[in-house]
Amino acid sequence: MIKNFTISRKAQLIIFMFFLAVTGTLQPQTITGENELINYLNSKDTVYENICIEFGKETWDLYSGEDASNIYTPKSKMASFLTDKEFTENIDYWYGNISKISNETAKRKVIVWRSVIYGTKIELDPDVKDVATNLLEELRNRDDKDTIKNKQLEKQVIELIRIRNKKARELGYENYAYYILDYFGIGQKWFQEFAEAIDRHSAPVYKELQEKVKSETGSVTLKEIMKYYKQPESIFFEDDSNHIIMKKSLSDIGFDYDKLPIRFVVKPADFGGNCIGVKIPGDFRVVMVPDMPISVFMHELGHGLQGIYTSTNTGLLEGYEWCLGNSPAMFYEGMAETMAEFTRTPAWLKKYAGYSDEKIAETFKQDKYAAALRMRVNLQWMLSEIEVYKNEDKNPAEITNALFKKIYFTDENRSRPYNLLNTSFVDYPCYMQNYVIAEFIRWQVHQTLKEKFGENYPQNNQVGNFLVENFYKYGVSKDWREIIKDATGKELDVDGYLISLGL
Ligand SMILES: [Zn+2]
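Using the numbering used here, the first residue of the sequence shown is number 75, and each one after it goes up by one.
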């Protein structure tokens with residue numbers, strides 16, 4: 075009896091599996107109609123948002139130290155959620171049949187879901203997830219003086235680079251860097267043209283600077299050339315004053331800081347600041363390193379404002395940062411930098427940093443040599459890690475030195491060896507170009523603000539609402555390129571910015 079029962083169960087199972095296999099090939103998706111799809115997508119939104127909130131809390135605890143942190147749990151939940159066969163097949167099906175969807179939000183969700191599913195394939199792969207989670211912990215807790223351990227950690231970072239590359243090749247990419255550029259929303263081709271534009275505009279002026287330095291000093295050492303490097307002056311306030319100035323600066327453009335669901339905690343870390351959207355739009359928290367200039371406070375606040383004023387009301391389109399492919403990082407950095415840039419405008423510097431008219435004139439005098447040099451530094455900054463991924467079999471120090479020589483037209487090596495012992499290698503891989511692109515975005519946004527509200531726009535209380543209505547409110551419900559185009563009247567004007575710098 076038992077035996078018979080067993081056989082019949084087995085037979086049933088085989089028939090069932092066969093049925094699944096046949097229907098699976100004929101009709102891979104289980105969601106067939108548009109209304110059904112909309113409900114289905116809504117239910118996925120809720121599950122996803124809950125995992126994102128957990129991710130945010132654990133990441134907050136990791137950096138703030140307010141509680142014990144366990145990023146592994148939300149990572150595992152996210153991995154099983156995003157690799158669920160039924161879910162991924164439905165999204166693949168509807169992505170391939172996107173023209174059959176008439177509801178615009180559903181259409182957008184399918185596009186973003188597909189990007190999230192493929193964008194997390196590597197980082198949430200069991201071979202990568204565990205290695206990366208452990209390595210992040212070890213890098214955060216490492217001792218600078220423990221050279222033996224640090225050598226080991228360097229090897230682990232290189233191993234992580236190799237595993238990521240291997241997984242990227244399995245997905246049809248030449249390397250992990252090209253894969254990640256795709257899922258940041260820029261793509262390797264756009265990025266290459268971007269880097270070439272910076273190179274093309276800055277190289278002649280940089281060479282002119284080399285000639286100038288040579289005629290002045292008789293040699294062209296980088297040390298001499300770097301004397302022409304200039305950053306906007308960093309404005310510092312006493313710790314307590316940062317919040318007062320931040321509040322006033324926000325109030326000038328029409329935001330009420332006290333009503334924002336955001337809080338700052340000051341704590342040492344290996345970054346300047348980190349704004350974590352634990353729940354979008356209702357819970358933002360910032361870890362700040364002590365003694366940061368006001369621009370860093372405003373940058374993190376910018377991240378907060380964008381999230382707080384996102385009004386899409388759907389977990390996926392609110393643009394959580396935990397899954398590559400969900401939000402375009404360079405656009406989000408651009409919004410953060412837009413806020414930081416207020417503290418570098420003449421109107422703000424006069425009001426809060428006591429700049430005189432002469433000092434303003436001097437500060438904003440065009441300096442093409444400094445600009446060219448800064449753009450060369452940007453190239454080095456954003457291309458080094460990508461070169462390391464492109465050349466996994468070569469020594470990172472040699473690779474980055476070769477790049478250094480090409481960028482600065484020099485025979486010198488980097489003054490400091492390339493450092494692999496950085497948490498960003500693990501949790502923000504190939505991220506640096508996002509800051510460089512952000513600089514171009516913030517320029518274009520500020521140009522628009524100036525055109526619309528006049529020179530004194532940092533003290534115009536309509537500006538905040540303009541930012542909300544034209545940039546923040548969309549989350550990722552609209553493509554970032556369209557947001558920029560619609561709000562500023564043109565696509566991201568890479569050449570325009572470089573020309574404005576005298577390049
Ligand atoms: Zn940022």
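All C-beta atoms, glycine included, are put in the ideal place defined by N, C-alpha and C.
Since the structure is predicted, the reported quantities are computational estimates derived from the model, not experimental observations.
| Query | Result |
| --- | --- |
| Neighbourhood of Leu115 by C-beta, 7 angstroms cutoff - its chain only, sequence neighbours within 5 removed | Ala180 and Lys183 |
| C-beta contact flag for Phe310 and Ile319 at 8 angstroms | no |
| Exercise answer, beta-carbon shell around ligand 1 heavy atoms below 6 angstroms | His373, His377, Glu407 and Ala410 |
| Neighbourhood of Asp119 by C-beta distance below 6 angstroms, restricted to the same chain and skipping five residues each side | Thr388, Gly389 and Leu390 |
| Proximity to Leu575 [Cα-Cα], best of Glu110, Asp441 and Asn316 | Asp441 |
| Test item: CB-CB of Val186 and Asn400 under 8 angstroms | yes |
| Asn348 - DSSP class collapsed to helix/strand/coil | strand |
| Whole alpha helix (DSSP H) elements within the segment 364-393, 4-residue minimum | 368-382 |
| Close Cβ partners of Asn177 (< 7 angstroms) along its chain, the five nearest in sequence each way excluded | Glu108 and Ile112 |
| Neighbour-count burial assignment, Pro364, 16 or more Cβ in a 10 Å radius | exposed |
| Reference Ser458, options Tyr443, Leu227, Leu477 and Ala444, closest by Cα | Leu477 |
| Three CB pairs or more closer than 8 angstroms across the segment 526-540 and the segment 238-255 | no |
| C-alpha distance - Asp135 paired with Phe405, whole-angstrom precision | 26 angstroms |
| Element boundaries [beta strand (DSSP E), containing Phe358] | Asp357 to Met362 |
| Coil, strand or helix - Arg490 by DSSP | coil |
| Bridge partners - Lys240, DSSP secondary structure assignment | In DSSP, Lys240 forms no bridge with anything. |
| Straight-line Cα distance separating Asn316 from Asn171 | 51 angstroms |
| Cβ-based burial, Asp256 [other Cβ within 10 Å; buried from 16] | buried |
| Candidates Ala435, Val451 and Thr295: closest to Glu486 by CA position | Thr295 |
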